[in-house]
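Let me begin by presenting the structure, written as structure tokens, before commenting on it.
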Amino acid sequence: MTATIKILLVDDHPLVRDGLRARLEAMPQFEVVAEAGGAAEALEQAARCDIDLVLMDINMRGANGIEATARFKQAFPRIAVLILSMHDKLEYVSQAIQAGARGYVLKDAPGKDIVVAIETVMSGGIYYSAALARQLAQPHTQDNQLTSREHEVLRHIANGESNKQIARALDLSVRTVETHRLNIKRKLGIEGQAELIRFAVQHAQ
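For the sequence shown, position 167 (counting from the first letter as 1) is numbered 167 according to full-length UniProt numbering, and the numbering increases by one without interruption.
In structure tokens, the structure reads:
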């Protein structure tokens with residue numbers, strides 16, 4: 001990636017923002033062009049500055065990061081939003097992706113994760129911290145996780161099998177396999193087939 005990625009940091013702790021700024025600006029491909037301590041200030045900054053990506057916390061005074069993400073996507077649809085949070089509950093991940101976030105990174109993840117996450121998101125992908133991705137791929141039955149059947153389909157996708165091959169292997173109709181694919185993408189916040197295959201290869205057991 002050659003173009004500089006212009007970033008807005010949104011976190012209500014100045015020390016956290018200082019740390020993030022120092023980490024990101026050590027990388028030549030990143031430029032922190034603005035900071036904000038809350039949703040309203042962040043939207044004002046976005047209106048004034050040329051921003052490519054927002055790095056958004058969830059816990060903030062006033063509107064939380066998920067609400068702020070939804071506002072951002074409505075007001076500035078071209079700006080990517082990446083959640084950076086200490087919360088590892090999948091309900092937060094699901095809500096964030098539904099609000100329009102392109103990824104979710106845990107604050108206790110390795111420092112390199114934030115760099116990979118930003119570059120993945122700016123390349124059109126979706127990124128989850130490894131700990132979250134493992135949880136998302138587990139065969140549970142909650143709405144925001146995969147069912148055991150969807151988990152099976154994901155494993156076959158990881159093996160490079162077509163819908164017809166998966167249907168034969170699992171004794172399903174092709175239409176049912178297509179439906180499972182759509183449900184997997186919806187639950188994981190994945191849009192394209194390439195991103196689904198990449199996720200499957202990386203995380204399917």
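The beta carbon of each residue, even a glycine, is placed where N, CA and C say it ideally should be.
DSSP beta-bridge partners of residue i
| i | result |
| --- | --- |
| E195 | According to DSSP, which records beta bridges pairwise, E195 is partnered with nothing at all. |
| I7 | V32 and L53 |
| L82 | L55 and G103 |
| Y92 | None; Y92 has no bridge partner. |
Cβ shell of residue i (< 8 Å), same chain only, five flanking positions each side left out
| i | result |
| --- | --- |
| D12 | G37, G38, D57, N59, M60 and R61 |
| A63 | G38, A39, A40 and R71 |
| I51 | K6, I7, L8, V33, A34, Q45, F76 and I79 |
| V121 | L53, A80, L82, R102, G103 and Y127 |
| A169 | H156 and E161 |
Whole-number beta carbon distance between residue j and residue i, since they are thought to touch under 8 Å
| i | j | result |
| --- | --- | --- |
| Y104 | L132 | 6 Å |
| T4 | E31 | 5 Å |
| G100 | S85 | So it is not a contact: roughly 15 Å between Cβ atoms. |
| A68 | V16 | A68 to V16, Cβ: 16 Å. No contact. |
Nonlocal neighbours in the same chain, by C-beta distance under 6 Å from residue i, ignoring five residues either side
| i | result |
| --- | --- |
| V177 | N163, I166 and A167 |
| A46 | F76 |
| L196 | K185 and I190 |
Own chain partners of residue i with C-beta closer than 7 Å, once the 5 adjacent residues on each side are dropped
| i | result |
| --- | --- |
| T117 | Per the sequence shown, the amino acid found at residue 117 is Ala instead of Thr. L82, G103, V105 and Y127. |
| N183 | E150 |
| H180 | R149, E150 and V153 |
| V115 | M27 |
| H87 | I58 |
*asked:* Using 8 Å as the cut-off, can you tell me whether the region 122 to 135 makes contact with the region 153 to 164, which would need three or more C-beta pairs spanning the two stretches below that distance?
replied: no
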